[in-house]
Amino acid sequence: MSRPLLFLDVDGPLNPYAAQPERRPEGYTTIRVTLTLGRPLRVWLHPDHGRALLALGYDLCWATTWMDAANRWIAPVIGLPDLPYVDFTGALFAERPDGVHWKTERIVAYAEGRPFAWVDDEQSPADDAYVAARHPGSALLHHVSPRLGLREGDFTALAEFAAAHTAER
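So the number in the working numbering is just where the residue sits in the sequence shown, counting from 1, plus 156.
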């Protein structure tokens, strides 16, 4: 039976980077990551999120600027195995005249018609329209507040979508 894809952004859904900087959200742990030269990046992660994501009934895939680095830095902390990732090389932060997010086109291409959910903090109605026009399968573009990260209601919405679209293909 075919499972839908779940595209995961890190910063926003898993790392509530916009929360009050002096106050780590309850249940989260802090890691410091040096991806480039300069000051380490503070990342807040909830150790239970991996188990909860794995239980949803999706094939998980990173859809983040972290790309494969998410497997090194994020996955072990939240309890995920190495995951495939959407390769955004050459598209990172590229602005489009139609207002579609720079990730959207690559995510739709990666999905190849499979039903998918995408959790991110930067989607807009332009992304919904793009996906509706170019993706033949069902899709849920689920916005997550970067101040809060994934919450119980987000997991419920994702579980409902997965249950409704598990056999679709």
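All C-beta atoms in this analysis are idealised placements derived from N, C-alpha and C, irrespective of residue type, glycine included.
Quantities reported herein were computed from a predicted structural model and do not represent experimental measurements.
Buried or exposed for residue i, going by 16 or more other Cβ atoms inside 10 Å?
i	result
residue 325	Unreliable placement is indicated for residue 325, whose pLDDT of 48 sits below 50; the coordinate value is still reported in the next sentence. By the 10 Å Cβ count, residue 325 comes out exposed.
residue 317	buried
residue 183	exposed
residue 191	exposed
residue 193	exposed
residue 319	exposed
Quick one, are the C-beta atoms of residue i and residue j less than 8 angstroms apart?
i	j	result
residue 263	residue 211	no
residue 314	residue 273	yes
residue 260	residue 242	no
residue 234	residue 196	no
residue 232	residue 217	no
residue 297	residue 205	no
residue 267	residue 299	no
residue 258	residue 247	yes
residue 174	residue 303	yes
residue 198	residue 185	no
Is the beta carbon of residue i within less than 7 angstroms of some heavy atom of the ligand ADP?
i	result
residue 294	This structure does not include the ligand ADP; it has no bound ligands of any sort.
If contacts are defined as beta-carbon pairs under 8 angstroms, then residue i and residue j qualify, I think. What distance do you get, rounded to the angstrom?
i	j	result
residue 253	residue 160	The pair is not a contact, with the Cβ atoms about 30 angstroms apart (cut-off 8 angstroms).
residue 171	residue 201	6 angstroms
residue 213	residue 322	6 angstroms
Open item on the list: I want to know whether the segment 280 to 287 touches the segment 178 to 192 - three or more CB-CB distances under 8 angstroms.
Closed with: Judged by Cβ distances under 8 angstroms, the segment 280 to 287 makes no contact with the segment 178 to 192, as fewer than three pairs qualify.
Open item on the list: Under 8 angstroms, with one C-beta from each stretch per pair, do the segment 267 to 281 and the segment 157 to 177 reach the 3-pair mark?
Closed with: yes
Task: Completely contained beta strand (DSSP E) runs for the segment 176 to 206, where each covers 3 or more residues - done: 185 to 189 and 197 to 201
- [ ] Jot down the residue ranges of each uninterrupted beta strand (DSSP E) in the segment 278 to 319, minimum 3 residues, whole runs only, in chain order.
- [x] For secondary structure counted as the beta strand (DSSP E) over 3 or more consecutive residues, the segment 278 to 319 holds these complete runs in sequence order: 295 to 299.
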